[in-house]
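Under our numbering, think of the first position of the first sequence as 48, with each following residue one higher.
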Amino acid sequence: MDDFFNKVYEVVKMIPRGRVTSYGAIARYLGVAGSARMVGWAMNTSRGYKEFIPAHRVVNRDGLLTGKRHFDTPDAMQELLENEGIIITDNKIADFEKYFWDPMKELEGED
DNA sequence: AAGCTGACTATGG
DNA sequence: GCCATAGCCAGCT
48 MDDFFNKVYE
58 VVKMIPRGRV
68 TSYGAIARYL
78 GVAGSARMVG
88 WAMNTSRGYK
98 EFIPAHRVVN
108 RDGLLTGKRH
118 FDTPDAMQEL
128 LENEGIIITD
138 NKIADFEKYF
148 WDPMKELEGE
158 D
């Protein structure tokens, strides 16, 4: 699939459990740096997608859970992340750099 | 059809 | 270090 949204889904689905990445990192990996908003929009539309998309593993560049309000419940995103061993403090991921999963590096030889 | 909105980010004051 | 601006572009009104 070459559709932008579909590529986003592919990358997000590849995020390992207990790791997170940012909208901008995905956008850059897909060669559309600057269109990070579209990645966020893709997450929004992912709710109606046929497959489950772990959108909770995608946060903004500061590790802030900016998308939590788009989940079924306001705390669903945080709970999902904590369930994966990630500590959330004030809507922000603790040790964000430690958990950060950069598709540019992790998927270096792929795609 | 035209304008607004937004799960973003970088930059400048 | 916080606030304002500006690119970004697909959906919604």
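Don't be surprised by glycine CBs; every beta carbon is placed ideally from N, CA and C.
* Asked: From which residue to which residue does the alpha helix (DSSP H) around glutamate 131 run?
  -> Glutamate 131 -> no alpha helix (DSSP H), and no H or E assigned at all.
* Asked: Could you give the distance in angstroms between the alpha-carbon of leucine 154 and the alpha-carbon of serine 82?
  -> 20 Å
* Using the rule of at least 16 other Cβ atoms within 10 Å of the residue's Cβ for burial, across every protein chain shown, is proline 63 buried or exposed? -> exposed
* **Close Cβ partners of glutamate 129 (< 8 Å) along its chain, the five nearest in sequence each way excluded** => Ile135
* **Distance, alanine 72 Cα to alanine 141 Cα** => 19 Å
* In this structure, does DSSP put serine 69 in helix, strand or coil? -> strand
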